[in-house]
Each structure stands twice: as C-alpha cells, then as structure tokens.
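Down below is the structure, laid out as structure tokens.
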Amino acid sequence: MDNAARESVLAGHELARERFSVRENTSLGLIRLQAFHRKAGNVDAVARQLGLPLPRPCQSARDEDMQLFWSAPGEWILASPAGSEREIAQLLQSRLDNSALAVTSVVTDSRVTLELGGAAVRDVLARGSTLDFHPSQFGAGRCVTTRFAGIPAMLTYPEGGEGFLLFADRSLGHYLLDWFAAASADCVAE
Amino acid sequence: MKRTVERLSGARVDVSRPLTFMFDGQPYRGFAGDSLASALLANGLSVVGRSFKLHRPRGVLGTGKEECNALVQLESGAFSEPNARATLVPLYKGLNATGQNAWPNVQFDLLGAMGALKRFLPASFYYKTFMWPNWHSWEWLIRRVAGLGAAPLSADPQGYIKQNIHADVVVIGAGRSGLQAALSASADESCRVLLIDEQEEFGGALLASPLDADRQWLDDALAQLEARANITLLRRTTVNGYYDNNVLAALERVSNHLGPVVVERPRERLWRIFAGRVVLATGALERPMVFPNNDRPGIMLASALAEYTHRYGLTLAERPVFYTNNDTAWRRALALADAGLPVLAIVDTRTAVDGELLQQAEAAGIDIYLGTAITNTAGRGGVRKVTLHRIAADGGSLGGAVTSLRCDLLAMSGGWTPTIHLYSQSGGRLQYRDSDACFVPADAHQSVSVVGRANGDFGEPANLQPQWLTPDVSSEKQWLDFQYDVTASDIQLAARENFVSVEHVKRYTTNGMSVDQGKTSNINGLGVLAQTLGRPVPEVGTTRFRPPYHPTTVGAFAGVELGALYAPYQRLPAHALHEAAGAVFEDYGAWRRPAYYPGPGESEERALARESLAVRQGVGLLDYSPLGKLEVHGPDAREFLNRVYINNIQTLKVGGARYGLMLDEGGIVIDDGIVVCLAEDHFLLNTTSGGAQAIHQHLEEWLQCEWLDLEVIVNNLTSQWATLMLSGPKARDVLCKLSGDIDVSREAFAHMQFREGTLLGQPCRILRASFTGEVSFEISVPAGHGPALWQALMTAGDEYDIAPFGLESLMLLRTEKGYLHIGSDTDGNTMPQDLGWAPAIEKKPADFIGRRSLAQAVGKDPDRFQFTGIELMDPDGRVESGAHVLTSDGSSTAGYVTSAFHSPSLGRTVALGLVAGAHARDGEKITIFGQGSKQAARLVKPGAYDEAGEALNG
Amino acid sequence: METYSAFNLVKHAFTKHKHWPKAWRSPELKSRYDAVIIGGGGHGLATAYYLASAHGMRDIAVLEKGWIGGGNTGRNTAVTRSNYFYPESTRFYEHSLKRYETMGKDLNYNIMFSQNGLINLAFSRHEMEIFRRWATAIQVQGIDCEMLSRDEIAEAIPQLNMSPSARYPVQGGFIQRRGGISRHDAVAWAYARAADSMGVDIIQNCEVKGLDISDGRIRGVKTSLGDVRTDKVASAVAGHSTVVAGMAGIKLPIVSMCLQAMVSEPVKPCFNHTVMSPMVHCYVSQSDRGELVIGGGADTHPSYGQRGNLPTTEAVLNAVVELYPMFSRLKLMRQWGGIVDIAPDASPIVSKTQVAGFYISTGWGTGGYKAIPAGGETLAHTVANDEPHPLVEPFSLNRFAQGRLVDESAAASVAH
Amino acid sequence: MIVIQCPWCGSRSEEEFTCGGESHILRPEKPAEVSDEEWAAYLYQRKNPKGVHYERWRHTYGCRQWFNVARDTVTHEVVAVYRMNEPRPTPEAEGA
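Here it is as structure tokens:
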C-alpha cells in the first residue's frame, strides 16, 4: 500500500465551465503547526526554531518549495510537495520537541484542496461567502478561513498562482463540487 | 375603457415588435416595452381583477408596486405564479395570464353578488358570529372563499441564486435624484458604487415625462454611468430589506422577462448587499381620493394615466375627468392637453387654486369645478358618470348637487406619499409634514441619506388640502383598501368600538394588510381615523415598516441550497466501495454511513442477523472512520483532561487506554469514549462518532474562556484517519495476514491497549477496544489509504467469509452486550450515576465539569431513570425502542425502551432502557406499553450475551 | 356587554353599525387596585379575566405599555397543541387546549380556532425512535396522538417533498388532530372585552417605571400615568420579564431572543394541516385568509429588537422550499419579530417570588400563545391564593436550584 | 445583520460566529462548597439587559477563537470587542 495507493478525494471528478472551473489539487502535503502561543514571545521563538517567517493573521508566506498559511492564532498550515510532509513534520517536531513550543501534525489526508479558476471565479465565491472578493480587497497573499457554502473553509489567492485555492474537510469534497456545479450554472459563455 | 388603436409618437414601446399574449383565454397584441397592464389597457380591458372579500370588479389603478387591483395568475402548471402585478410584468411573446379570485372569470364573477352583502359584512364581522352551533360548521365555507391566486401544483422548475456584494455607496432608485447621486458618488474612481432600480429600464418617473429635455438628460446621464468602471448597475432589482449594519437584501428578476423557459441563468437572484453608505431615491406614491364608489374600474391614479399616456403611448379616454385636492393633477391634465388629448374636466375639492394653473386649464378648454366633491360614480364594467356636489364652506358638509358628468375615465390624485419603507426599516424616524399631508424622513439611525421625492422634495408645490373622506354621504362605499374591501365606514366602526390604536385599526379592519401592504391605503386610512377621532394625524401615528418592502419570491431565499445541498453530509473515505457492496446508506449525525449491506432481496432484519452472526462466529469489517480522534498536547494536558472527564486521568499510564465519560456543567452526560495516553503530555481522545466536532469545541471553549492558564493544544484529526473496525473471533487471523510491524498476537497486544506502527507501508494506529463484545481491532491509516486497507482486509478475510457490517448491525451487537450508546440509551437528563458510575465518582478526589450539579436535589432522586437491561417474558415477544415502561398502576411513565433488537445469537429480543430506580429493582417485573398494546417484561442487568466477557479477551 | 351573534350583526346592519358599543372602556388609572397586572398581552388579559370570573376580584388594573395584544400575542403563528413529552407539560397544555376549544362560546368571541390537525415530521431512523417515545408519552397521558406512516403523511400533505432527491426523506411522523390554529388578535380582544365587562380596568399606553417595595412585600407600582397602590402585582411581560423583575430586585434565569414569523401572499386553500418539522426546521400552516403562516427557530443572539434577522429568515424559508418545493414561487408578504423569554429548560415559570405579593409569569419562550388560557388561569390562582396552582407547581422558580428542569428538548429533541 | 470585528480575522458577518451568551460569569472557585442556589445562579441566572450586553462570541467558521463583545440588545450595535484575557471596557469606551 504505497503512496500510489492513496486515493484522491474527488477521484478525478471536476467542473469545467467557460467562465468557472474547479479541480482537485493533489500536489500538496499539509502540516498543521500549533504553537503554545499564549505566552508572550513564544511564537517568535517558534519562528526562530523553524527558521521560517510566520505570516500574520489572514496572510500567507512562501519560500522556494514551501507555503505557510495562517489559520488561527498560533496555528498555521504548512504546504510542501506531496510525499515530503511526513519527513518535514518529523524534522520540525524534533527541532521543537525539547523546547515544547509547538506541535506539528500531518493533515494532508484530512483536507481536500480545490483549485478555483475562470473569469467568474470571484462572482461564484461571492455566492458562497460574505467576504469581499473584489481584487482591491482580496489580493495575492491573502489567506482567510471563512464560512463557505455553509462549511468552514480556508481560501487563499496565492502569489503567482492562478485563481484561488480552497481547503476544506475531505469528507465534504463531493458536497463542495456539487455546490459549485449548482452555483455556477450561469457561468457559461456570454 | 377606450381601446388604443395607435400608440402616441414618442412612446417607449417598440411598435415594430408586436407581441401576442393571452388573457383569460383570449389572444391580444401588445408591443415590446409594454407591461402586461399597459397591454391590457391598450386592448380596452377595464376589468382585470376582483377584490378579495366582496369580489368587486377591479381595473388597473397604478403603474407599479402600488398596484392592488390588477393581480393575475401568470402562466400555468409548474411555471404558474399567483398574484402577479400586471403593472410589473414586462410583456413577452406568448405571455399567458388569467384573472384571479373569480368564477367563471373576472368579467362576470358569480361571487360578485357578495358586493350586495357589504353592509352585513363589516370589519371583523367574523369575530362576532359563526359561533352557533360552532365555528367548525362554518369554517369550511370561509376557507373556501379565501385566498387570491392559486399555488402551483408542482415543484418550481426554475432556479435561484444568492450572491453577496460590497459597495461603498449604494444608490436605490434610478430616477433623476438617484442618477444624480450615482453620478456624483462614482466621480471618485476609488469609490465602488452600486445603482439599483426596480424597473425594466433606468429613469424612474423620467420615463413617463413627455418633455424632450427630460429624455435628453436621462440619455446623457445613462451614457456617463455606463462609461464608468467603478459603478455596478442593477436593473429589474427591488431592494426589499434594510437590516442592521447597512446590510440590504434585493431581488433581481434575472430571466422572468423571458417567460416560462428554463435557461442557464437563474430565474431570480437574491443580492445580499453590504453597503458603506446608502442613498435612498425611492420616489413617492400617489394616493387615491376617497369618495363613494371610488373603486370602480376606469378610475385610476392621475400619475398612472400620465404614465400610460406618455410612456406607453396609450389614449385611454375621450372624456377623462381629473379629481384632486392638489396641484400635481392639474399639471398632469395640462400635459395631456398639450399632447393633444382631450381632457373633460378637473374637479378639485379646494376652493382656491393657483391662478396660472386656472388660466392654462381654461385656455385648454377644460371645465373646472372648484370646492367640489365627487359624491358618486356610475357605470357597469367601467366609470361612465360622476356626480358632483359643492362642498360647504366648513368643508364638513355638502351643498346642493352641481351636476353630473358623463365620462369614460376618472384620474384621481389625493396627494403623495414618499416611499420611506426602506428608511423606516433602517431604523430612521419619520415626521409628519402637514403641508403635504405625508410622512417624511427625520433622524437617520444608520448611514443613509434620502433624496428627491422620497425625502418629500416634490420640486413643484402641491398646495395640498387633504380631504380624507367625502362628508355628508355614506362612508360605506368610500373605499380605502381596494383589494381587501376596506371602506371608511370600517375605520369608523373600529374607532366606535374603541379600536383606536393605529395597529388595532389595521388588524381590526385589515386596512393595508393586502398584498400591496397599504402602499395606497395606509395614509388615507390614517387620515380617516384621525378625522374620526378628531385628533391630528401625527398623534394617531403610523405603522412601522418591516421587510419585505415588496413581496419577495420564497425560492430566492433558498437559492441553490436544496436537495443534496440543503445540508452537507460527510462522506466516508471508502464511500464508493460501500456503494459497490450494495450498502444501504443513512444519515448518522452529519455522516452518511452504511446501515447494513443487504444481499439480493434480503430484508433489513435478515441482513442484520447475517452480519452480526458473522461477527460473533467469524469476522466482520465496519467502516468506523467517523470515530472522533482528538489529540490533546501540552504540559497541562493531563490536568485538563482530569477536569474534563469524570474518570481519574491522573493514574492513566503511557500506552494505556481508559473508558471515560464527559459531562456538561449541568451534570448531563454528553460524550463517552476511550482516552489513550500516548505520552506524558500527549493524549488521544476517541469521542463518539459524529461527536468529534462538538467535543472539540467544548474543550476549546473551556481552554479559551475558563482555564486560560493551562498550556494545552487540542487538535481534531478525525478525518485525517480512516478507521476500520475488524471484529470477531477470526479478527486476529485476518489482521496477521497484512504486513506490518505491530505484533498483534494475543500475548503482545491485550484488550484496551494501543499501538502505533506501520501497516502495508503506511503509518498505522491500532486500538484494541470492543463495542461488539468480540475481539476487535480499531485500525487507523491516513484517510487516503482507507479504501486500500478496506480492500486488503476484505481480501485477507475472504477465507474466513469476512462480512462487511453496517451501523445497525453494530447497534444490534452492542445491544446484545449491553453497551450503552450515548444519545440512544441516554437523554438530556442522564447523569453518570444513572449509568452506574456513582462509586467511581466517589473515589475521584478532584473536581470536574458538571460534578457540582450531580449533588443537586434532582441528582439524588431515588426514582431517576437508570440504565438497565429489559427482558420480555414472552420469549417470542418483540418490542420497539420508544415503547414506555409504565408505573405499577399503569397510569404514567416510569421509563422507556431505548434500544431493542431481535438477537439472532440468542434467538430472542434484547432490549435496553432507562427505567425509574432500575438499579435497585433488578429482576422486578414491569409492564411495557408500545404501539397501543401492553406486554410483561422484567428488569435485568444489561448484557444478555456473553456475560462473562470471555469473547473480547479471546 | 352586548352579545355578539349573527342576529345582532344583522340588527346593527340596519342602523349601519352605528350603535355597536365599545369592545372595552378606556378608563382613567385609579390610585388604588386590589391587584395590578403588568402586561396587556394574552396572558395578562386572561389573568385579569380569571381573577375576576373565578376569584371574584374585580378591582384590577391591566397596565399595557403600548396597545393590548401588541407583543408576542399579536406576533406569533397562532398554533395550539398539547403534544408535549413530560406529564407536567402535557397536563398543562392539554388544559389550555381544552380552554381554546370552548373559548368562542365561553367569551362570546369567535377566535376561529381551526383544529386542522398538527403533524410532526421525522426524517431519520433516530428521529423515528424519538417520535415513537414521544407519541407514546402523549398516549400514556390519554391524549390524542397517532403515529403516521410515510404514505399517510404523503397523502395528508400533498405539497411535501417526497422525491428521492430530498436531502432528508420523510420517514414518518405523528399527528395530534385536535391541534390547530386560531386568530391571535381575537384571543387578546376576547379576554379584554370579557374582563372589561366585569369591571377590570385596561390601561393602554401606560408604562411601568418602577415597583414600590418595602420590607419584602409589594406596595405599589410607579407608572408613566402616576403611582398606584396595591398589594398584589403580577408580571406577564414575556421578553421584558427580566426588566420588570429587575425592578423588584429579582434575577431571572431568562434570556430574551427575537423569534420571527412570516406570511406569504394569500393563495387559494391548499394546505390543510399545521406541519412542524424539528430537523428541517420550520412550521407551516395556512390561515383562513389564504396566507401561508411560517415560523422557525429564534434568532441566534439575545435581542430586544422586534425585527427579524436576514440569516434566520433565509434559513426558515430554505427549509420551507426544501420541504415544499411547490411553494417556491409564492411570495413572502410580511415578516416580523417578537421578543421571546427563554428559560434554560425552555419551559415556563409561573411562580411566587421572594417579594411577597409579586408574582411572575415568564419563560413562555416560543410557545406562549398556546398557553394563554392556562397561563392566565394558573397565574390568577397563584395571585388570588398566594400559592401555586397545582398545574404550575413543577414550573416554579425554585426548580433551578433543585436542578429539576423540565426540558422537553432533552427528552424529545423537539423545538417548542 | 450583525457585523463583528473578529480580533484576529477582522470584519465578518454574524453568520461566521456563534453567540455564547453572557460573558464574565465567574465559575465558583470551589464548586463543592457553594450552595445549590449559588450554583444554580452560576448556571442559569443571566443579566439579559435591555441595552449593552457583555457577551462572548466564537468565530466558529474562522479562527475558532472566543472573544468578548459589548453589544446593544435593542439596536444590535457592537460597541466594543475585546479578547478573553482583556478587562471589560469602561462605559465611556462603549459610548453607551
């Protein structure tokens, strides 16, 4: 049962309309990093230990092969190439263990990651969340956790990326695909 | 009503695009740009509806939202829409409308005879009668005549969407004032502006203006707006709700104007608007005059006549008469004359009128009657004659009859009511302005400004002198609410009976409660009431407005979230495999899980028997993935859990597992599960399936709100892991066949122990606990590998005839064993002592959540409902969960059956229950009552199967 | 009090209804009363009526801040039923239901009580188990309640979504045939007229500003129209109970929330029952005007603002369309909110208090309308005898210190 | 619609939050030692004011954090937002 045996959430199902598209992204390995953040200075200490700049609330950061997404106070999601996350997590944990500053957990399998694209993508997003998706308000690097289509989801517009990334609980992946299909029915050629 | 042969030049209809449509089964012709109302009028149809209560004939009164007469059933079948305002329906090819609330049709309605009964049916007459012999003998009759149009008889074939939008400035209403506001706001390119208008095209009242200057101004304004990138234009969109924090709800009619067709676009879109600042430019509505038989078809608002003439190019009358108490109607009449149309007369209740208007009217050859009231109207199917009386100097009585006029249309203007509904919804205060006899905005409560006629800025003076009702003549036929048949006499009756609060009057008379929500009747009703009580209008007060401003399609509030999208269900990692195996899926909490896997033609009971026997005698496999998996980290984790569980967590050793109960602060059992100690500062909590999120939130609430001093992190990893329960005497043999580094031998891996390692090359966690009573391994691998593990175990188990089993079989198995299931065998009153945990609690020194509540009087009641086994006396007897245990005298409830199955292993019914004082009554006989019949049973210890519990240690 | 009857209606028609007497007087507030009831809603007016009719107290004032029946009495969905779970609840609401059945004749005022049968829908195996337990509980009390199969429900409610695409297929349910709807205004006006005819002073636009209390007993009431001396004060002010109780220095286990109700435009009669569904949460009936009357859950935060909130409106109507797809094209015509007083166990509190002579009726939550007759009758008894009526003994204030909550939802997962 | 400034995520509509009711309710230090009445008061008695209410909300669909909100129960106006470990603001700060 090697990694090839891993089953994606949507098993290839996707949505492709003229002005809106959804497809599953299986290229990311995800680690949840949780710091004991209540003590002042703790978070900075974690950052030092990791040698990573930890993004501010509702922001993301990236270096060559990693992205960091803020998800809650003292809590981040670290995205690396799929397959590498277990090693990275162990590495980080070993750095942090003796300091007992933070906890890392692999959460790749608990998430579904969707790539949302197309000319109407911001309109469709506005049908699922009350956030302001106007480019002036939701630009590159922004990363928010919000109520989307009635469920909690992390939405980000990565720098240099095309379209949005949506992270949600894997058990709701099919629901999201169906919801997008219904909510974007009018996103056909104009 | 005169039929229009040819549209006037300059009309905003496209005479090159004729459209045929049907009304009451007859074909007619209109043009693109017509509303259904203008098209009906063009075809000379004066009676298009019937009133609600008395079925009086009704003709078109207005041109928009205020319309309370021209209501039709639009289209038929699934596309049918009741109570459509003909004034708001844009004409499209093949439109098919029928009259409502009439039989056989609106032209000739048998129930029209009701009109004669008006006197016997005053306001709220029904409260005074229909009591003998009793209401039920009348109810059917009253119900039968109720209602207007008919609800569709099948599901809505069209769709709706909801969309949020943010804007710095939202302008509502695209008449002159709204357009000006939008232009100035959008001049700043950084300002996001939203301009909304309810009509098919922008322009508001300008659309009805005969002046070229107005039309030019409109075209220029629109051109400028179209050119600006920072403004969003929404046509056919009605703002219906104004909520806290400048949040608005608006309904856009996206594809209604295309008729009954299903297209990719939704039928309507509900906009949820988050506004920085709101500008209301919603205009004003004209009021009818109040006089005898003022509800006759052919009597319409003066503004409506003007709009039908100048916008739609209709010539509705040869002998139109205007009746008014203010100057605006004079200007309408003069504009008509300017357009070369005949105007017979202007009747004005005022004795003095602006000299210039008088001159112009005389110059136009219009007969003028000042200080005169219309005291009656006549004409079948349309007004043909009006009777005039001089009003005495005191204004409170009539002089002799002046004359009567033959006419074919009566245009009335009782003054103007600013459309302040949204302003009122926003919390803004209104104040009464005597000079115009209307309410205008006073202090705003939110960031909103009101401009133009909505703000009472009418441009030209109206010089209005209210004439709330016609004196000296019966008030019985002076209509206020044309749809609900409310007359001035009804208001007077209400006042007479001491219903003097404006809300009482509204409810007692139903004035303003019809579908137009009083847009034309509220102020007139208020005026009549004030006059009756001899008090000024502002003292009598006004009603506060609530959403919706205009009735709003119910489906639009639902949007796309229907059917499977109504509420998301959580899907198992191996869902597809269960589907392939023919599982019957059911909802368990938020998860959709296999209930059982019936073979071809196999009943539920047989399937459960087969699956449970497989577990008892061989091996079964259950998808247990929803099992809650919370990880608790930190130096204070142990202390925290010791405060959360009623059990002693301090003594739990690393690698050990312990059953635990969680209470809320009220002492009620909310969760049970197994706590595993992975390290001194690291614990794994297996909560009840589906309980994971709730318990995660429960724990974080205590950490964030109460015990901020504790260094603890809670991490919900439930869906990271797929968990499969391999259970049965052959479980170990099956698991052994899979390559892994965990020694699962009996010696190395005892019951209630936990191991981590790898299985088939993947990280793996195995807990040896049992909810079936058989040897069980709860095996977790990363969710993406769940399907592969499922297949691997099914293959490995093949030689042992492994059976996949569902939740219902698990429930059967655990019921046989007497294991309780939170939520089934406990309810919102169950405390740990009811489950036999009192001694354990005694031994625990520390406090824990809910402990103090156990010591309240209720916790010590001897007859608390306690968890017990129940055995039927009749070995072949059956019982369903939900049956009650009766008190010894049979008069009341002493508990109930909470779980019950027919046990294939034992060949009889096994049942669990919550029964009063059960722990002290072991073996006692009881009576069970369910589905109308009683049967004998006795209380026994839970766990009929394998009481010694050898199986699970096997 | 002139009798209301068809005969008198016709008689008055010939004099153009010019001689109908006032339904109730508008008396001046006196400086002394034997008892003062704060709150001119259904409960307050019924209390006054029963004090006068059953306990011979005539010198009573009902003080109403605004206009009578203008609070929750005039803002609910007018549902009456007694299909509760616990015996103490069922007994109380069954007594109330019986009063409703005879109210028209008792008070000579047609409240148009249509016993169209109240149906509860279940959507899952677990809910069906709960429903069986619940229905049996009602039957054990000897009160009418029948389980219905999926097919029986489909027949009773033709609009119901029975398609396989429904998110939660209906599994079954039960019906209480005697349950139904009536005219909420009529109930308030009927009690007001009857109480007034026995000498009760109904004082509208009279706001209570404070309570006069010395050595632990009530002495009088301070109002916007002047002070009143009295030995007995009963508070029946629903959502404002905390405020009034506060004037007596009493803290309550009450939270005030906004509960919405709404009606569609009137359509021809098509919906013949009152249907509730705890899971796809909404309740729907059709008034004899033809409007669909719709209710649902309360807004999700404490509120004294009598206006519904958009998300709740959407949630309720979403449930309506999911359950009844053919109502999708109807139009929402009116929507409003009332301030409901919710106790921790969502059960009422009819009780003496630590202040002698001060009695409180609150905690009616989202179900106060159906309780009006019994609520008034038991509060009147409590006031008149200074001891709780047997029906409300389980609903006294001290039940919380004992932990003896009467939480319907705990046992039957039902909104009420 | 109530719009709340989550101390971490910024302005969001009420649909993302859960209202947890009155805040600043002190759990008895030693529950075993308080009377039934005191315990019931802690569990059930609420200020339920008509006016500014100090309550706690959780950003359920966002950062899952609890925080305090001072909100007018009549106008629904949010007059102050502060974290669990911050003191209740003074009436001036509420502008109430």
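Chains as they are written, first to last, in the numbering used here: chain A, 1 to 190; chain B, 1 to 954; chain C, 1 to 416; chain D, 1 to 96. Just so it is clear, CB atoms sit at the ideal spot from N, CA and C, and this is done for glycine as well. Just so it is clear, the structure is predicted and the values come from calculations on it, not from any experiment.
Whole-angstrom distance between residue j and residue i, CA atom to CA atom
{"i": "G428/B", "j": "Q446/B", "result": "7 Å"}
{"i": "R132/C", "j": "L810/B", "result": "22 Å"}
{"i": "E561/B", "j": "N48/D", "result": "35 Å"}
{"i": "A583/B", "j": "V676/B", "result": "32 Å"}
{"i": "I37/C", "j": "T543/B", "result": "27 Å"}
{"i": "Q158/B", "j": "H257/B", "result": "13 Å"}
{"i": "Q90/A", "j": "T104/A", "result": "8 Å"}
{"i": "H578/B", "j": "L627/B", "result": "17 Å"}
{"i": "A208/B", "j": "A306/B", "result": "7 Å"}
{"i": "P266/C", "j": "R592/B", "result": "39 Å"}
Cutoff 6 Å; reference residue i; Cβ partners in own chain excluding five residues on either side
{"i": "L699/B", "result": "V714"}
{"i": "L956/B", "result": "Lying before the first or after the last residue shown, residue 956/B is absent from chain B, which here runs from 1 to 954."}
{"i": "S287/C", "result": "V293"}
{"i": "P763/B", "result": "none"}
{"i": "P253/C", "result": "A343, P344, F400"}
{"i": "G18/A", "result": "Contrary to the premise, residue 18/A reads as Glu rather than Gly in this sequence. Cβ within range, chain order: V188, A189."}
With 16 other Cβ atoms within 10 Å as the buried cut-off, status of residue i
{"i": "A393/B", "result": "exposed"}
{"i": "R852/B", "result": "buried"}
{"i": "K39/A", "result": "exposed"}
{"i": "Q441/C", "result": "Given that chain C is displayed from residue 1 to residue 416, the structure contains no residue 441/C and the question cannot be resolved."}
{"i": "D201/C", "result": "buried"}
{"i": "F108/B", "result": "exposed"}
{"i": "C407/B", "result": "buried"}
{"i": "Y659/B", "result": "exposed"}
{"i": "T366/C", "result": "buried"}
Chain-order list of residues whose beta-carbon lies under 8 Å from that of residue i (same chain, five-residue window excluded)
{"i": "D227/C", "result": "S31, D212, G220, V221"}
{"i": "A168/A", "result": "R111, V112, L114, F148, I151, P152, A153, M154, L176"}
{"i": "M794/B", "result": "L621, I802, P804"}
Whole-number beta carbon distance between residue j and residue i, since they are thought to touch under 8 Å
{"i": "L15/A", "j": "H174/A", "result": "With a Cβ gap of about 12 Å, L15/A and H174/A do not count as contacting."}
{"i": "Y160/B", "j": "A558/B", "result": "7 Å"}
{"i": "S881/B", "j": "A900/B", "result": "5 Å"}
{"i": "N463/B", "j": "D348/B", "result": "With a Cβ gap of about 10 Å, N463/B and D348/B do not count as contacting."}
{"i": "G757/B", "j": "L813/B", "result": "So it is not a contact: roughly 28 Å between Cβ atoms."}
{"i": "M66/A", "j": "A47/A", "result": "M66/A to A47/A, Cβ: 14 Å. No contact."}
Residue i - partner residues in DSSP beta bridges
{"i": "G673/B", "result": "G660/B"}
{"i": "S905/B", "result": "Partner(s): none; S905/B has no beta bridge."}
{"i": "E22/D", "result": "E55/D"}
{"i": "H166/B", "result": "F274/B"}
{"i": "L301/B", "result": "M412/B"}
Contact set for residue i: own chain, Cβ-Cβ below 7 Å, skip 5 residues either direction
{"i": "A181/B", "result": "V171, V279, A281, V451"}
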